[in-house]
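J.: Questions regarding the structure given below will be posed in turn.
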Amino acid sequence: MPDTFPLTDRASGDIMFYRGAEAITVGRFLADVAALASRLPQRAYALNLCLDRYHALLGLAAAVSRSHVMLLSADRTERRVDEIAAGYPDLYVLTDADAVAHASGWQPPADALFVTAEGQGEGGPNPEIPAARVAIIGFTSGSTGEPAAHPKPWGALVGATRAAAARFGLTGPGTTTLVATVPPQHMYGFETTMAMPLHAATASHTGPHFYPVEIAEALREVPAPRVLVTTPLQMRALLGSREALPPLMSVISATAPLAPELANEAEQAWKTPVLEIYGATEIGSIASRRTTAGDAWTLYDGIVLERDAEENVHVGVPGMPELVPLADAVAFLPDGGFRLLGRRTDMVKLGGKRASLSSLNRLLMQVEGVEDGVFVAPEDLDSNPAARLMVYAVAPQRSAGEILSALRRQVEPVFLPRRVVLVPSLPRNEIGKLTRQALATLGRQPAQDAG
Numbered sequence: 001m002p003d004t005f006p007l008t009d010r011a012s013g014d015i016m017f018y019r020g021a022e023a024i025t026v027g028r029f030l031a032d033v034a035a036l037a038s039r040l041p042q043r044a045y046a047l048n049l050c051l052d053r054y055h056a057l058l059g060l061a062a063a064v065s066r067s068h069v070m071l072l073s074a075d076r077t078e079r080r081v082d083e084i085a086a087g088y089p090d091l092y093v094l095t096d097a098d099a100v101a102h103a104s105g106w107q108p109p110a111d112a113l114f115v116t117a118e119g120q121g122e123g124g125p126n127p128e129i130p131a132a133r134v135a136i137i138g139f140t141s142g143s144t145g146e147p148a149a150h151p152k153p154w155g156a157l158v159g160a161t162r163a164a165a166a167r168f169g170l171t172g173p174g175t176t177t178l179v180a181t182v183p184p185q186h187m188y189g190f191e192t193t194m195a196m197p198l199h200a201a202t203a204s205h206t207g208p209h210f211y212p213v214e215i216a217e218a219l220r221e222v223p224a225p226r227v228l229v230t231t232p233l234q235m236r237a238l239l240g241s242r243e244a245l246p247p248l249m250s251v252i253s254a255t256a257p258l259a260p261e262l263a264n265e266a267e268q269a270w271k272t273p274v275l276e277i278y279g280a281t282e283i284g285s286i287a288s289r290r291t292t293a294g295d296a297w298t299l300y301d302g303i304v305l306e307r308d309a310e311e312n313v314h315v316g317v318p319g320m321p322e323l324v325p326l327a328d329a330v331a332f333l334p335d336g337g338f339r340l341l342g343r344r345t346d347m348v349k350l351g352g353k354r355a356s357l358s359s360l361n362r363l364l365m366q367v368e369g370v371e372d373g374v375f376v377a378p379e380d381l382d383s384n385p386a387a388r389l390m391v392y393a394v395a396p397q398r399s400a401g402e403i404l405s406a407l408r409r410q411v412e413p414v415f416l417p418r419r420v421v422l423v424p425s426l427p428r429n430e431i432g433k434l435t436r437q438a439l440a441t442l443g444r445q446p447a448q449d450a451g
């Protein structure tokens with residue numbers, strides 16, 4: 001691997017972003033980066049809260065050009081910002097008008113720096129950044145506990161971006177437009193729509209996009225070929241809205257397991273392949289598959305999986321200083337790919353049998369009338385012989401008893417929920433995840449006894 005990589009290796013006239021129908025070139029981007037970099041304080045860390053995707057990338061580029069480390073957290077709540085600030089006292093906050101407008105009354109710190117595009121002309125410095133230098137620290141969502149920090153060297157980010165671009169056919173000729181429904185601070189959104197325009201023949205739409213009508217409008221604004229970068233939750237909402245979409249080159253999904261039934265519905269409705277990414281905050285994206293073609297994953301070029309003597313699997317990612325433990329249990333395939341057996345923390349054991357919560361959730365979502373739902377394991381499941389699973393479900397037209405009856409036809413008796421709690425909605429975050437803290441709040445909801 002080279003000792004350094006440039007901030008971007010694309011030509012000055014290449015289009016890398018669209019704000020509506022307005023095209024932003026690499027040259028203009030470098031001018032904007034230089035202008036912002038000159039305003040940054042001399043501190044070690046930058047917390048990037050920008051909601052506009054172009055502003056978020058300007059923040060990243062300006063920070064790394066000044067040798068600062070960018071902190072990426074998809075959770076922009078005041079509580080989480082305070083927690084990060086306590087852990088990284090030598091930080092400054094980058095935000096923009098969109099972030100404040102969508103923050104439900106939250107106000108940024110008084111010394112926060114507002115990001116705007118204020119460069120002059122078409123061009124600016126394109127710094128060479130050491131491959132081994134930590135460029136970002138990403139934080140996990142907290143779905144399995146407290147958010148954990150994971151540093152990423154610049155070389156690993158560039159390598160992963162190029163590998164993903166090659167896998168999804170985004171290396172040119174021509175420029176593919178990416179419209180994303182995921183925030184730029186999430187590792188999936190960061191890799192696909194912030195890092196990709198720096199090192200692949202792609203242009204991102206600035207966003208943000210929260211609702212189906214906004215997604216459809218953004219896709220119509222930009223030129224073909226177009227790729228929709230989304231999640232299973234948002235895909236389901238977009239299909240349910242019946243918004244007409246322009247022709248798509250493909251759909252890319254991540255952040256949660258994608259049910260083959262949903263992938264097939266999307267492929268039929270949008271006349272395009274639906275591709276799924278496998279990855280995690282600690283490793284980035286490492287593999288992909290076409291969901292309707294089977295459950296086998298194909299590793300990106302350069303990625304290596306290794307199993308140690310204790311049967312733990314580690315991932316070798318080019319540019320990362322050491323192997324990274326994989327949170328999921330996997331089965332290796334003869335062709336070098338793998339199948340997922342379930343997240344280690346996702347597995348539950350009852351009555352001598354094992355199941356994964358994600359597989360149970362998939363069965364729950366197949367129940368007619370269930371719009372959203374989740375199986376939850378109690379904290380004392382391993383120590384209390386009487387402990388059982390429970391279910392939270394959004395199903396306006398179904399009773400708790402009806403849902404349990406439907407589950408009896410699909411789920412082994414030992415894994416049937418003791419209670420089904422009907423709720424108006426599940427407290428999912430922007431990318432569709434349920435944090436442990438959010439699930440704990442559901443415990444205060446009145447339960448319906450499913451019998």
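All residue numbers for the sequence shown refer to the UniProt record's numbering, where the first residue is 1 and numbers rise by one. Ideal Cβ placement from N, Cα and C applies to all residues, glycine included.
Based on DSSP bridge pairs, tell me the residues matched to Arg226.
T.: Start at 1 with the first residue of the sequence shown, and residue 226 comes out as number 226. Partner(s): Thr177.
J.: Does the pairing of the stretch 414–426 with the stretch 385–404 give three or more beta-carbon distances under 8 Å?
T.: Flag = yes, the stretch 414–426 and the stretch 385–404 touch.
J.: Quick check: the Cα distance between Val421 and Ala440, rounded to an integer number of angstroms?
T.: The residue you call residue 421 lines up with position 421 of the sequence shown. The residue you call residue 440 lines up with position 440 of the sequence shown. Spanning the two alpha carbons is a distance of roughly 13 Å.
J.: Could you pull the start and end residues of the alpha helix (DSSP H) that Gly169 belongs to?
T.: Translated into positions along the sequence shown, residue 169 becomes position 169. Note, Gly169: premise wrong, no alpha helix (DSSP H); not H, not E.
J.: Between the alpha carbons of Gln42 and Asp90, how many angstroms are there, rounded?
T.: Locating residue 42 in the sequence shown gives position 42, where the first residue counts as 1. Locating residue 90 in the sequence shown gives position 90, where the first residue counts as 1. Each residue's alpha carbon lies about 9 Å from the other.
J.: Could you tell me whether the Cβ atoms of Ala195 and His205 are closer together than 8 Å?
T.: The residue given as residue 195 occupies position 195 in the sequence shown. The residue given as residue 205 occupies position 205 in the sequence shown. Going by C-beta atoms, Ala195 is not nearer than 8 Å to His205.
J.: Classify Asp32 as buried or exposed, calling it buried when 16 or more other Cβ atoms lie within 10 Å of its own Cβ.
T.: Here the question's residue 32 lines up with position 32 in the sequence shown. With 16 or more Cβ atoms within 10 Å of its Cβ, Asp32 is classed as buried.
J.: Can you tell me where the beta strand (DSSP E) with Met390 in it begins and where it stops?
T.: Along the sequence shown, read from residue 1 onward, the residue named residue 390 stands at position 390. Where Met390 is concerned, the enclosing beta strand (DSSP E) stretches over 390–394.
J.: Express the C-alpha separation of Ser67 and Leu60 in angstroms, rounding to a whole number.
T.: If you number the sequence shown from 1, residue 60 lands on position 60. If you number the sequence shown from 1, residue 67 lands on position 67. Rounded to whole angstroms, Leu60 to Ser67 spans 10 Å at the Cα level.
J.: As a quick exercise: from Glu243, Ala46, Gly87, Asp9, pick the residue whose alpha carbon is nearest that of Gln185.
T.: The sequence position of residue 185 within the sequence shown is 185, counting from 1. Ranking the options by Cα distance to Gln185, first place goes to Ala46.
J.: What is the DSSP secondary structure of Thr77, reduced to helix, strand or coil?
T.: For this step, residue 77 is matched to residue 77 along the sequence shown. Correct three-state label for Thr77: coil.
J.: Just to confirm before moving on: does the CB-CB distance between Ala180 and Thr192 stay below 8 Å?
T.: As a first step, residue 180 must be located in the sequence shown, where it is residue number 180. As a first step, residue 192 must be located in the sequence shown, where it is residue number 192. It is a contact, given that the beta carbons lie within the stated cut-off.
J.: Does the beta-carbon distance from Ala166 to Met320 come in below 8 Å?
T.: What you label residue 166 is simply residue 166 of the sequence shown in a count that begins at 1. What you label residue 320 is simply residue 320 of the sequence shown in a count that begins at 1. Contact: no.
J.: Return the bridge partner residues of Asn48 from the DSSP annotation.
T.: For the purposes of this step, residue 48 is taken as the residue at position 48 of the sequence shown. Asn48 is bridged to Leu72, Leu94.
J.: I need the DSSP call for Ala355, collapsed to helix, strand or coil.
T.: Start at 1 with the first residue of the sequence shown, and residue 355 comes out as number 355. It is a strand residue.
J.: Using C-beta distances below 6 Å, list every residue in its chain close to Arg398, excluding the 5 sequence neighbours before and after it, in chain order.
T.: As a working mapping, residue 398 is identified with position 398 in the sequence shown. Result list for Arg398: Gly369, in chain order.
J.: Short of 7 Å in beta carbon distance, which residues of its chain neighbour Asn126, apart from the five on each side in sequence? Order them along the chain.
T.: Within the sequence shown, numbered from 1, the residue matching residue 126 stands at position 126. Excluding sequence neighbours, Asn126 sits near Pro6, Leu7, Thr8, Leu30.
J.: Could you give the DSSP three-state label for His314: helix, strand or coil?
T.: Translated into positions along the sequence shown, residue 314 becomes position 314. Looking at His314 - three-state DSSP - the assignment turns out to be strand.
J.: Fully enclosed by the stretch 208–283, which beta strand (DSSP E) runs are 3 residues long or longer?
T.: Whole beta strand (DSSP E) segments, 3+ residues: 226–230, 250–253, 274–280.
J.: Going straight from the alpha carbon of Ser359 to that of Phe415, what length do you get?
T.: By one-based count along the sequence shown, residue 359 stands at place 359. By one-based count along the sequence shown, residue 415 stands at place 415. Straight-line Cα distance between these residues: approximately 11 Å.
J.: Compare the Cα-Cα distances from Leu262 to each of Ala200, Thr292, Ser383 and report the closest residue.
T.: Sequence index remark: in the sequence shown, residue 262 carries index 262 (1-based). Looking at the Cα atoms, Thr292 is the closest of the given residues.
J.: For the candidate residues Glu146, Val229, Gly159, Val222, whose alpha-carbon lies nearest to that of Pro183?
T.: Here the question's residue 183 lines up with position 183 in the sequence shown. Out of Glu146, Val229, Gly159, Val222, Val229 has the C-alpha closest to the C-alpha of Pro183.
J.: In whole angstroms, what is the alpha-carbon distance linking Arg289 and Asp295?
T.: Along the sequence shown, one-based indexing puts residue 289 at 289. Along the sequence shown, one-based indexing puts residue 295 at 295. Cα to Cα, the separation comes out at about 8 Å.
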